[in-house]
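Protein chains in written order, with this note's numbering: chain Y, 143 to 586; chain U, 143 to 586. Cβ coordinates follow ideal geometry from the N, Cα and C atoms, glycine included.
2 protein chains.
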Amino acid sequence: MSDVRPILDMNAFDGKSSAPGGHAQSDLLDRRLRNIGAASVLFYRDPIEMVSASGCWMTAADGTSYLDFYNNVPSVGHCHPRVVGAMAEQAARLNINSRYLHQTVETYLDRLKATFPDHLENIVLTCSGSEANDLAIRIAQRATGARGIIVTESAYHGNTSAVTEISPSAIKRGGLPDHVVAVPPPSKQAYGDNVAAGFADAVYLAITTLQDRGYGVAALIVDSIFSSDGVFSNPKGFLRLAVAVMQRAGGLFIADEVQPGFARTGDAFWGFSRHDVAPDIVSMGKPMGNGFPMAGIAVRPELLAAFCEDVGYFNTFAASPVAAATGLAVLDVIRDEDLQNNAAVCGAYLREGLQHLAEMDARITDIRGAGLFMGVDLSANGDPSEPGGQLVGDVINAMRRHRVLIGAAGKYGQTLKIRPPLCLTRSEVDFFIEALGKSLRTCG
Amino acid sequence: MSDVRPILDMNAFDGKSSAPGGHAQSDLLDRRLRNIGAASVLFYRDPIEMVSASGCWMTAADGTSYLDFYNNVPSVGHCHPRVVGAMAEQAARLNINSRYLHQTVETYLDRLKATFPDHLENIVLTCSGSEANDLAIRIAQRATGARGIIVTESAYHGNTSAVTEISPSAIKRGGLPDHVVAVPPPSKQAYGDNVAAGFADAVYLAITTLQDRGYGVAALIVDSIFSSDGVFSNPKGFLRLAVAVMQRAGGLFIADEVQPGFARTGDAFWGFSRHDVAPDIVSMGKPMGNGFPMAGIAVRPELLAAFCEDVGYFNTFAASPVAAATGLAVLDVIRDEDLQNNAAVCGAYLREGLQHLAEMDARITDIRGAGLFMGVDLSANGDPSEPGGQLVGDVINAMRRHRVLIGAAGKYGQTLKIRPPLCLTRSEVDFFIEALGKSLRTCG
């Protein structure tokens, strides 16, 4: 792991740069560093003070407005009035734990379940994707009687003790624990032209490693669009073989939909659907409440029942009427504003724009993704085998000057990670492409 | 552990009782069991469908209103308009992660820090108390280089993998892992008249056990009012000796304030204050956002810095402007409505009422607690050494018929756990005492 630059640190304020513009903001930064200390994580060499947001735009304290291509939490648009209204209305009426019955909670769970394959009959709500993945891992370990987990090598699955252990990208020092094996992400660099077979072979090898170590295999868990690994979506169906190998070995397949879920990939509501696989557990989070802290898992009922024989699971804040009303409004907005289709249509238009840029600039070495989740590889000399992490960092900071917020992914930070709100318009795509073109021209 | 009835199951709907009144609610219960499956946890033999709440009262679908002595999340009152207003206003303006600077976030953190001793300089916000305790444990293990954790024998510290391991009350089958040792709670039954010395001796013994097992000692973690153990608050300062023993052995003291914190104990803002101890880490949660999912830790900065050398910690939903605005409104309401003082005054009045009942009914064998967090032991034959878990269960269900919602605590569920909202009035105390008197007369 020591050669991997933690993705969490990409583009972070390092505490050494000059303070951002003006006395007020310098004071704010000082307070921030005093308050949160070493756990403070800020974007940009000069952090931005934000004051408001709407649709795909955020406005800073100095009045500058930024097009947000970074956040995938406010997925139906920042501060969507219908979502905020539903949350506020329910919070004023009743906000309690799930030990009482409530109509909206069951209405929401019914609606959410309808988005999943029939075999995922149960939903357990949590507060965060971290809690969801933590629970999913425990259910898998209980169901299989095994401990071994297989992940990809720049995976991120959350911040609890158990899921940090399966998140190579969060580990700064030391390696993975023995019961976790990381395989290279499903890239051409790693596996050549037959990604499906290569990735399945890697999973098979990891299974034998875990069996040799005496842990057995509990689960293969992947973000179904491999966000932090660099965004890998094609060819459709490439995951199927690896999942079959895992399930045949007695392990489960957990689809982590915290990033790709809720219509972002355009072709389906969930990222795993494009691979025609049947997950044993699906975890979900970030965009689920458009900013209200909520997440959860969908799970085969017999797996959940076995887990609940050993241990009581209750989540105080989760599955409240407010979470349900908020989550329901998100589902309504996705449907009523046709956002899945917009993700497909706008995503295709975005891809065209990126391809047009790539024709003019050989440093763009690959364009991947689905819908409004895309990854664009950069390389300073145009050689895909020489990842351009530094160039990506420079472009991200240049993009900020052109009023676009965007992040990085990949083992070497070589990938621009593109995930704007799903309500994106064609003119906003144009704004982004123009800013990226200008930024590339001034970098490197 | 096998003799311990999990507290999470006390008073739970068992899935076998007759469905609650009417076709509509029966349908709702069916949907609930289908949706959440084995992880469904419901109160009462006949679960209640709730529709609204205000102050200390909740209203069911059939129009019945209930006095809520159970919830300690809506601590400043259900659906407090000032808290809901602050949340809604901020959610309509900006709701993003903490990678950008925001005035309200730092204002909140400054205000929150001012409630702690000076040495706890850093705050890390999370979504839930579980995430807070999970983080606290990891920080302690990193700081000490040891793994061993000492808890009390009916402790509950949350639902993640790592904190379920230190929550004996959540474990239904099997024992604690080897790196966790549970000591009896600070009760007279366990330690006689000198609880401070007895509890410190038990902690010392646990330390040597963990050292003998090769784990060393990372932390003693206790809920500073021992909620799930049965509510133990007196004599003031009894924790001091045990904390000194732990810190002298090189371990940390973590005060879990998820239950007693935010002015509930009346005499102080935090439960640990009554013991005149200096925690190395404090975790907080439930009442922090009055229902908005937020929690966190306060921590010595050098401990946090060491932890952050090894691993990136970032929490997507936590420390958002909405969490900050909501948390700030909670602090404002506690101050402006003088709720800490009300907890002290109303708590004293409540204690008088309970003592009056105890004079008339020998089955009340002990009354403990501070402010508006109290525990009342029941024993069917008035013998404190024969805990009345069944009687408590009967009383809880009788209280429901008298329109009061209340729960249980303690290893055998022998303790009525009393924790109403802090805005409780004297007339509501009267209502409660009358209902408890009637319920006791009809039970056993």
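message: Can you pull the chain U neighbours of Y:Arg382, defined as C-beta to C-beta under 9 angstroms?
response: Within chain U, no residue comes near Y:Arg382; the closest Cβ sits about 27 angstroms away, beyond 9 angstroms.
message: What does the alpha-carbon distance come out to for the pair Y:Ser569 and Y:Val218?
response: 17 angstroms
- request: Could you check which residue in U:Thr350, U:Ile476, U:Asp365 and U:Val226 has the C-alpha nearest to that of U:Ala467?
  value: U:Val226
- request: Kindly indicate which residue of Y:Gly530, Y:Gly517 and Y:Ile506 has the alpha-carbon position closest to the one of Y:Ile548.
  value: Y:Gly517
field: Simplified DSSP assignment, three categories, for U:Phe380
entry: coil
query: For the segment 244-262 of chain U, which residues have a CB atom closer than 7 angstroms to at least one CB atom of chain Y, in sequence order?
result: His244, Gln245, Glu248, Leu251, Asp252 and Lys255
query: So is U:Ile423 in contact with chain Y if we call contact Cβ pairs under 8 angstroms?
result: no
- prompt: Are the beta-carbon atoms of U:Asn275 and U:Ser369 separated by less than 8 angstroms?
  reply: no
field: CB contact check: U:Asn457 to chain C, cutoff 8 angstroms
entry: You won't find chain C in this structure, because its protein chains are Y and U.
message: Does chain Y have any CB closer than 8 angstroms to the CB of U:Cys450?
response: yes
- prompt: Excluding five sequence neighbours on each side, which residues of the same chain lie with their C-beta closer than 7 angstroms to the C-beta of U:Ser309?
  reply: Ala297, Tyr298, His299 and Gly300
- request: Grab me the residues of Y:Arg561's own chain with a C-beta within less than 6 angstroms of its C-beta, minus the 5 sequence neighbours each way, in chain order.
  value: Asn214 and Phe515
message: Taking the straight line between their C-alpha atoms, what separation do you get for Y:Pro259 and U:Ser196?
response: 39 angstroms
query: Since U:Gly586 contacts U:Ala522 with CB under 8 angstroms, what's their CB separation in whole angstroms?
result: 5 angstroms
- prompt: Between Y:Thr306 and the rest of its own chain, which residues show a CB-CB distance below 6 angstroms, the 5 nearest in sequence each way excluded?
  reply: Ala312
message: Using the Cβ count rule (16 or more neighbours within 10 Å means buried), how would you classify U:His261?
response: exposed
- prompt: Which value, in whole angstroms, describes the spacing of the CA atoms of U:Arg507 and U:Cys198?
  reply: The sequence shown places Thr at residue 507 of chain U, rather than the Arg named in the question. In a straight line, the C-alpha of U:Thr507 is about 27 angstroms away from that of U:Cys198.
- request: Throw me the rounded Cβ distance for the Y:Arg280 and U:Ser303 pair, which I believe falls under 8 angstroms.
  value: 5 angstroms
query: Any idea if Y:Arg493 is buried or exposed, counting beta-carbon neighbours within 10 angstroms, 16 or more meaning buried?
result: buried
- prompt: CB-CB under 8 angstroms to Y:Thr584, same chain, minus the five flanking residues each way: which ones, in chain order?
  reply: Ala540
Residue-chain proximity (U:Asp145, chain Y), Cβ-Cβ < 8 angstroms: Per-residue confidence for U:Asp145 stands at a pLDDT of 36, beneath the threshold of 50, marking its modelled position as unreliable; no derived number is given.
query: Is the beta carbon of Y:Arg469 less than 8 angstroms from the beta carbon of Y:Tyr250?
result: Per the sequence shown, residue 469 of chain Y should be read as Gly rather than Arg. Yes, these two residues count as a Cβ contact at 8 angstroms.
query: Is U:Lys378 buried or exposed, if buried means 16 or more other CB atoms sit within 10 Å of its CB?
result: exposed
query: For U:Gly271, does the three-state DSSP call read helix, strand or coil?
result: helix
query: Which of the three DSSP states, helix, strand or coil, is assigned to U:Glu191?
result: strand
- prompt: Can you name the residues of chain Y whose CB is closer than 7 angstroms to the CB of U:Ala312?
  reply: Val453 and Gly454
- request: Find out if the Cβ-Cβ distance for the pair U:Asp409, U:Ala338 is shorter than 8 angstroms.
  value: no
- prompt: DSSP three-state call for U:Leu564: helix, strand or coil?
  reply: coil
- request: Would you please verify whether the beta carbon of U:Asn539 is less than 8 angstroms from any beta carbon of chain Y?
  value: no
- prompt: Which residues bound the beta strand (DSSP E) around Y:Ser207?
  reply: Ser207 to Asp210
Spatial distance of U:Pro223 from Y:Ile178 (CA atoms): 29 angstroms
message: Beta carbons nearer than 7 angstroms to chain U: which residues of the segment 431-450 of chain Y have them?
response: Gly433, Pro435, Pro443, Leu446, Ala447 and Cys450
- request: Have a look at U:Ala234, U:Ala342, U:Asn264 and U:Ala332 and flag the residue whose alpha-carbon is nearest the alpha-carbon of U:Phe449.
  value: U:Asn264
- prompt: Quick one: does Y:Pro526 have its CB under 8 angstroms from some CB of chain U?
  reply: no
task: Use the C-beta contact count for U:Leu496: other C-beta atoms within 10 angstroms, 16 or more gives buried, fewer gives exposed.
output: buried
task: Could you name the residues of chain Y that U:Thr306 contacts, counting a contact when the two beta carbons are closer than 7 angstroms?
output: Val453
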